[in-house]
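Undergrad: Residue numbers (the working numbering): 1 to 418.
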Ligand SMILES: *Cc1c(COP(=O)(O)O)cnc(C)c1O
């Protein structure tokens with residue numbers, strides 16, 4: 001469910017016509033709905049209400065400071081994977097005790113920053129990292145709070161690039177090595193064991209992989225407790241899917257209904273790390289049609305946004321609905337919707353049938369609120385788009401469109417070239 005709907009024939013973001021925002025701010029342009037964002041977050045809160053839990057929004061889905069602040073005001077925590085995300089989470093006012101930090105390649109500097117910030121816990125991905133964190137915590141005369149990210153070897157049956165819970169993936173520690181690593185953690189004097197973590201993948205459209213993963217992790221928790229290792233937090237990661245095309249994903253309540261009875265009476269606080277399911281359908285990317293091109297084999301709709309703004313179609317062959325900002329009655333065409341970038345992989349849709357757009361028409365690429373702007377780049381030296389947050393009848397620019405001068409920011413010309 002989202003708040004990008006037609007009123008008569010004009011697409012609206014909540015109560016604001018999308019065309020009005022595009023005319024004011026220009027294109028390409030990300031638009032987010034405050035109402036959708038909060039509804040998605042609160043769906044998790046309500047689902048797990050009554051059971052001890054923390055919802056930690058995965059910043060990598062969308063780390064705009066205004067989006068983060070909106071979530072922080074509702075009580076949301078953060079799942080971060082870099083020093084940069086930790087910085088943004090703190091800047092948005094997310095309490096450190098609601099921040100967890102994952103990632104296979106945390107640097108010494110990032111670890112120090114997180115220790116200084118007194119985050120809830122590090123989700124540790126290897127024994128090498130476990131040792132490094134202990135060493136750094138020792139230098140800082142602190143205790144590092146840790147959970148080990150275990151790899152429950154679950155096939156989440158999602159796209160191979162966003163599946164993470166199999167033995168062959170670089171993430172986490174194998175279940176068989178978990179006990180030995182926990183024993184190492186217990187021996188380390190500057191380490192404090194807090195919990196256990198798993199994250200099996202993304203865009204998962206069934207409850208069963210989560211249930212299987214939690215069952216496996218719970219049996220490990222029991223084994224660890226028998227060895228005298230206390231686990232307070234069970235972090236079950238993120239990964240709940242959304243509707244891009246016609247997938248039907250479970251609601252957070254469906255997840256809670258299956259998970260809570262499993263973890264109940266285990267004296268564990270649950271952590272969830274949803275990213276896509278909160279932000280994905282809370283945002284759209286608005287682009288303008290530049291040209292229509294008929295080649296002998298194919299028709300193309302060339303738009304002013306490209307893979308540098310929204311990478312998902314190029315990277316994952318992901319499907320996104322593309323809607324006209326103003327409905328037309330023109331004849332249908334089947335065309336590729338492509339961007340201006342010098343790559344054949346620069347497309348938003350292939351062989352898409354739609355009412356024939358005309359030059360200067362606006363198109364809305366749907367479900368772009370997660371892994372949209374956060375994966376954007378300046379490739380082809382294109383300016384990254386503006387972002388707008390809509391709340392009811394008002395809209396607010398939450399990131400200015402880049403300017404040409406941003407492209408050379410930080411560049412230094414050595415003397416011998418002057
Ligand atoms: C990417 C990621 C998430 C968020 O995944 P979604 O599919 O967006 O919910 C959560 N936790 C970890 C460790 C991740 O890497």
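Idealized CB from N, CA, C, for every residue including glycine.
The beta strand (DSSP E) with residue 332 in it runs from where to where?
TA: 332-338
Undergrad: Any chance you could list the beta strand (DSSP E) runs of at least 3 consecutive residues sitting entirely within the segment 197-249, in chain order?
TA: 233-235
Undergrad: Just curious, the alpha helix (DSSP H) that residue 188 is in, first and last residue?
TA: Here residue 188 belongs to no alpha helix (DSSP H), and DSSP marks it neither H nor E.
Undergrad: Which complete alpha helix (DSSP H) runs does the segment 267-339 hold, if anything under 4 residues is left out?
TA: 276-279, 312-316
Undergrad: Assuming residue 280 and residue 370 form a contact by the criterion Cβ under 8 Å, report the distance between their Cβ atoms to the nearest whole angstrom.
TA: 4 Å
Undergrad: Per DSSP, which residues does residue 355 bridge with? Please list them.
TA: 332
Undergrad: Whole angstroms is fine: what's the gap from residue 38's alpha carbon to residue 416's?
TA: 54 Å
Undergrad: Whole-angstrom Cβ separation of residue 124 and residue 182, contact assumed at under 8 Å?
TA: Going by Cβ atoms, the distance from residue 124 to residue 182 rounds to 10 Å, so no, they are not a contact pair.
Undergrad: Classify residue 245 as buried or exposed, calling it buried when 16 or more other Cβ atoms lie within 10 Å of its own Cβ.
TA: Residue 245 counts as exposed, since fewer than 16 other C-beta atoms from the protein chains shown sit within 10 angstroms of its C-beta.
Undergrad: Go ahead and pull the three-state DSSP assignment for residue 31.
TA: strand
Undergrad: Near residue 79, which residues of its chain fall below 6 Å by C-beta distance, leaving aside the five closest residues on each side in sequence?
TA: 56, 58, 100, 273
Undergrad: Below 8 Å CB to CB, which residues in the same chain sit around residue 347 once its five sequence neighbours on both sides are set aside?
TA: 307, 313, 314, 336, 337, 338, 339
Undergrad: I think residue 231 touches residue 196, with their Cβ atoms under 8 Å apart; what is that distance to the nearest whole Å?
TA: Indeed, because the Cβ distance is near 5 Å, the residues count as touching under 8 Å.
Undergrad: Taking a contact to mean a Cβ-Cβ separation below 8 Å, would you say residue 252 touches residue 47 in this structure?
TA: Residue 252 places its beta carbon less than 8 Å from that of residue 47.
Undergrad: Check whether the Cβ atoms of residue 269 and residue 233 sit closer than 8 Å, and answer yes or no.
TA: yes
Undergrad: Quick check: what's the CA-CA separation for residue 87 versus residue 69?
TA: 13 Å
Undergrad: Less than 8 Å separating the beta-carbons of residue 396 and residue 366?
TA: no
Undergrad: If you compare alpha carbons, which of 60, 50, 73 is closest to residue 34?
TA: Nearest of 60, 50, 73 to residue 34, Cα basis: 73.
Undergrad: Determine the direct distance from the alpha carbon of residue 60 to that of residue 372, and round the result to whole angstroms.
TA: 10 Å
Undergrad: Taking 6 Å as the limit between beta carbons, can you name the residues of its chain near residue 36, skipping five residues before and five after?
TA: 2, 3, 282
Undergrad: For the alpha helix (DSSP H) containing residue 405, name the first residue and the last one.
TA: Segment 404-407, the alpha helix (DSSP H) holding residue 405.
Undergrad: Can you tell me whether residue 65 is helix, strand or coil according to DSSP?
TA: For residue 65, the secondary structure class from DSSP, reduced to helix, strand or coil, is helix.
Undergrad: Cutting at 7 Å between CB atoms, please list the residues of its own chain near residue 275, excluding the five before and the five after it.
TA: 57, 58, 60, 61, 238, 370
Undergrad: Go to residue 257, then tell me how far its beta strand (DSSP E) extends in each direction, as first and last residue.
TA: First-last for residue 257: 252-263, but that is the alpha helix (DSSP H), not the beta strand (DSSP E).
Undergrad: Could you tell me which residues DSSP pairs with residue 79 in its beta bridges?
TA: 58, 100
Undergrad: Following the continuous beta strand (DSSP E) through residue 388, name the residue where it begins and the one where it ends.
TA: 386-391
Undergrad: With DSSP as the reference, label residue 416 as helix, strand or coil.
TA: helix
Undergrad: If you run the structure through DSSP and keep just helix, strand and coil, what is residue 120?
TA: coil
Undergrad: Any chance the CB of residue 144 is under 7 Å from a heavy atom of ligand 1?
TA: no
Undergrad: Leaving out the 5 sequence neighbours to the left and right, which residues in its chain are closer than 8 Å to residue 263 when beta-carbon positions are compared?
TA: Around residue 263: 51, 214, 218, 234, 270.
Undergrad: Determine the contact status of residue 220 and residue 150, defining contact as a CB-CB distance below 8 Å.
TA: yes
Undergrad: Determine which residues share a DSSP beta bridge with residue 86 and list them.
TA: Answer by DSSP bridge pairing: none, since residue 86 is not bridged.
Undergrad: Is it right to say residue 342 is buried, meaning 16 or more other beta carbons lie within 10 angstroms of its own, or is it exposed?
TA: exposed
Undergrad: So if DSSP puts residue 195 in a beta bridge, which residue, or which two residues, is it bridged to?
TA: 147, 233
Undergrad: What's the call for residue 328, buried or exposed, on a 16-neighbour Cβ count within 10 Å?
TA: exposed
Undergrad: Apart from the five residues on each side of it in sequence, which residues of its chain come closer than 8 Å, Cβ to Cβ, to residue 83?
TA: 107, 109, 110, 113, 114
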